[in-house]
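For reference, the structure discussed in these notes is given below.
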Amino acid sequence: MTGFFSPPPLKGILSLLLVMLLLPAFPSFGATADLEQSVQPIQIPNPASDLWREVRQRDAAMTGSTQALGVDGGVLINPTGEKWRQFRMQQLLPYGGYALGAVVLILLLFYTLRGRVPIKAGMSDKKLFRYSVYERMIHWFMALIFLFLAFSGLILLFGRSLLLPLMGPALFSLLASASKEGHNLFGPLFALALVLIFFRFVRRNIYQKGDLTWLLRGGGVIGKKHVPSNFFNMGEKSLFWLLVFVGGAIAASGFFLLFPVFGQGRVVMELSHVVHGIGALLMLSVIIGHIYIGTIGMEGAIEGMKSGYCDLNWAREHHDWWAEKCEQRGEVLDRDQPISARGADALGTPSGQMSEEAGK
Amino acid sequence: MARMKFYCDVERCIECNGCVTACKNENEVPWGVNRRRVVTIKDGEPGERSLSVACMHCSDAPCAAVCPVDCFYTTDDGVVLHDKDICIGCGYCFYACPFGAPQFPEDGAFASRGKMDKCTFCAGGPEQDNSAEEQRKYGSNRLAEGKLPLCAEMCATKALLAGDANIISTIYRTRVVNRGASVLSRGVSYQNAELRAARGVKGKSSLND
């Protein structure tokens, strides 16, 4: 036992005592520095704190072994869970809500100030073939699935704070449960719609000369001058690519969340949820704008997606290069003309493909 | 009011999995779900330690914070419970929980998640105490019978402690104090051979032996 109090600590204590005795005598002597030197902590290995440091994964990811089946069973403490919680509760929820609110507010403000974009020349008695039956079908297929996924997702994200106090736990649980099951079932269909849309519309959505001008003038919002465009304008093309990339990321991350059977751990699912949440809110904000322009925001914009034909004057004002091309080819139809040769072909492609116009 | 806590003494746990078995049997836990598991770290290496882990009944429970339907509640005893009638099986509690306590039985197509299941501190659920429905959904309610969780009650080495936090911490503190003295004098279980060697202390695993 006596050997335990070996010379080094004793010497340390003696020198500490000496310093303490001398301190009053030399008040201005660098006292704190001397104190720090003399009371250096004795290096005692502490296996318990080493153990907990490893368990908390402070230095590196540490996994143990366990008899329990399942992924991540050997992880005693997963520190990223708390980060995910902070993200969801303190960032995604409030800022996501502000973002959606801001988009709606901006559109309301724009509508109040600038009003509906009219067809300046008025509706003509001529029309142009714009979208085939197949194209309209995949568009509305995507639209319906997107809206369902958006509403069910919003219920899961904001329902607890907005709907639960109104509906009560039993009813809200039913709604949330239906939202979760529906979100899971329709999620894969969104990926399918995305693939169909991509292959059908990708050629007409490749960026071209003139798109930069469109962007710089904000699609005609900035300044009075008209901005010409092709079959799709720069905004529509950007929406397409945003849908492809952000929508693709949403679908891929949703895949990891939906099927917990590929051996992905919690960290992968937490990251997937972050991507899914940010991506979905971004996409939704943009789609709200898309819906606005398609419906109340612009006269004649929805015609093409409704009947497959758009008004000639609308095409001249919003997609003038494409309209010009159609007129040169003599593809202008009378308004009463019910079915064209192209329109009868369900899988037909409207004229004015970007690849053709690109060579112009 | 008591504040119920688990504590697992790593110096005593021998990885017998008795607590896991006791829990599964007492609560009729669904297939594929383990409310409690024993994790061994540094298996087969020096410093190997085992820990039994389940829901730790947090004061500020992350699962309750992120639940989109607010199905969690904390009892007067500080036990975190959830209502399976409200739970929608989204898995958010599983993401947020640091201990991996929430478990999901495979239910329906593509192994999608059923209603969450986790340790209840043997305190059942929101149903009538010890009713057949409570037994079916949540397992045993030993707390209502004045008993503590079976995992801790059956622990052979008394490594797993369960009960009022004050009592648990007192028991553990006493153990640490006693153990500390014995370790410094003889060296029983800590790996401080170097420390003892530097001080010339004889011990079972001392470098001086």
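The listed protein sequences correspond, in order, to chains A and B.
Following the working numbering, the residues of the first sequence are numbered contiguously, the last one being 1217.
Following the working numbering, the residues of the second sequence are numbered contiguously, the last one being 229.
All C-beta atoms in this analysis are idealised placements derived from N, C-alpha and C, irrespective of residue type, glycine included.
Next item on the list: Look at the alpha carbon of Trp-1109(A) and the alpha carbon of Gly-1044(A), and state the distance between them as a whole number of angstroms.
Entry: It is worth fixing the name first, because residue 1109(A) is Ala in this sequence and not Trp. If I take the Cα positions, the gap works out to 10 angstroms.
Note to self: Just to confirm the assignment, what range does the alpha helix (DSSP H) spanning Phe-92(B) have?
What the structure shows: Run containing Phe-92(B): none in the alpha helix (DSSP H); it sits in the beta strand (DSSP E), 92-94.
Notebook entry, point to check: Would the stretch 978-998 of chain A and the stretch 114-125 of chain B be scored as touching if the rule is three or more Cβ pairs under 8 angstroms?
Noted result: no
Next item on the list: Assign Val-1189(A) to one of three DSSP states: helix, strand, or coil.
Entry: In the three-state reduction of the DSSP assignment, Val-1189(A) falls in the coil class.
Check: Is the stretch 1004-1023 of chain A close to the stretch 86-94 of chain B, with three or more CB pairs under 8 angstroms?
Finding: Below 8 angstroms, enough C-beta pairs join the stretch 1004-1023 of chain A and the stretch 86-94 of chain B to call them touching: three or more.
Notebook entry, point to check: Is there at least one Cβ from chain A nearer than 9 angstroms to Pro-82(B)'s Cβ?
Noted result: At a cut-off of 9 angstroms, the C-beta of Pro-82(B) has a neighbouring C-beta in chain A.
Notebook entry, point to check: How many Å lie between Ile-1145(A) and Leu-1138(A) at the Cα?
Noted result: 10 angstroms
Item checked: Ile-1107(A) and Phe-1058(A) closer than 9 angstroms at C-beta -> no
Checklist line | Length-filtered (4 minimum) alpha helix (DSSP H) runs lying within the stretch 981-1046 of chain A | finding: 990-1019 and 1021-1024
Notebook entry, point to check: Which chain B residues sit within Cβ distance under 7 angstroms of His-1130(A)?
Noted result: Here the neighbours are Tyr-115.
Next item on the list: Ignore the nearest five residues each way along the sequence and tell me which others in Leu-1051(A)'s own chain have a CB closer than 8 angstroms to its CB.
Entry: Result list for Leu-1051(A): Met-999, Leu-1100, Val-1101, Gly-1104, Gly-1105 and Ala-1108, in chain order.
Notebook entry, point to check: Based on the DSSP secondary-structure assignment, which residues constitute the bridge partners of Glu-126(B)?
Noted result: Arg-133(B)
Check: If we cut at 9 angstroms on Cβ distances, does Cys-139(B) have a partner in chain A?
Finding: no
Notebook entry, point to check: Are the CB atoms of Gly-1076(A) and Cys-117(B) nearer to each other than 9 angstroms?
Noted result: Contact annotation: Gly-1076(A) and Cys-117(B) have beta-carbon atoms that are not nearer than 9 angstroms.
Check: What residue range is occupied by the uninterrupted beta strand (DSSP E) comprising Val-59(B)?
Finding: 57-61
Check: For Thr-140(B), is the classification buried or exposed, using 16 other Cβ atoms within 10 angstroms of its Cβ as the cut-off for buried?
Finding: buried
Next item on the list: Identify, in the order they occur along the chain, each residue of the same chain with its Cβ nearer than 8 angstroms to the Cβ of Pro-881(A), setting aside the five sequence neighbours on each side.
Entry: Here the model assigns Pro-881(A) a pLDDT of 49, short of 50, so the residue's position is not dependable and the matter cannot be decided.
Item checked: Chain-order list of residues whose beta-carbon lies under 8 angstroms from that of Val-167(B) (same chain, five-residue window excluded) -> Checking the displayed sequence, the identity of residue 167(B) turns out to be Lys instead of Val. Excluding positions up to five away in sequence, the list reads Cys-142 and Glu-173.
Check: Helix or strand or just coil, what does DSSP make of Thr-41(B)?
Finding: It is helical.
Margin query: So the candidates are Gly-38(B), Ile-61(B) and Thr-94(B); which of them puts its Cα closest to the Cα of Cys-75(B)?
Written below: Thr-94(B)
Next item on the list: Compare the C-alpha of Arg-987(A) against each of Arg-1173(A), Leu-1049(A) and Gly-1161(A) and name the closest.
Entry: Among Arg-1173(A), Leu-1049(A) and Gly-1161(A), the Cα nearest to that of Arg-987(A) belongs to Gly-1161(A).
Note to self: Under DSSP, the alpha helix (DSSP H) around Ser-1129(A) begins and ends at which residues?
What the structure shows: 1123-1149
Checklist line | Interface residues of the stretch 25-59 of chain B facing chain A [CB-CB below 8 angstroms] | finding: Val-30, Asn-37, Val-40, Gly-52, Asn-54, Arg-57, Val-58 and Val-59
Notebook entry, point to check: If you run the structure through DSSP and keep just helix, strand and coil, what is Leu-181(B)?
Noted result: strand
Notebook entry, point to check: What is the C-beta distance between Asn-37(B) and Val-59(B), in whole angstroms, given that I count them as a contact (C-beta under 8 angstroms)?
Noted result: Rounded, the Cβ-Cβ distance is 11 angstroms, inconsistent with contact.
Notebook entry, point to check: If you measure from the beta carbon of Arg-910(A) to each beta carbon in chain B, is any gap under 9 angstroms?
Noted result: no
Checklist line | Gly-1120(A), buried or exposed, once every other Cβ within 10 Å from all chains shown has been counted against 16 | finding: exposed
Check: What does Leu-180(B) reach in chain A if we use C-beta pairs closer than 7 angstroms?
Finding: Per Cβ cutoff of 7 angstroms: no residues; Leu-180(B) is ~14 angstroms from chain A at best.
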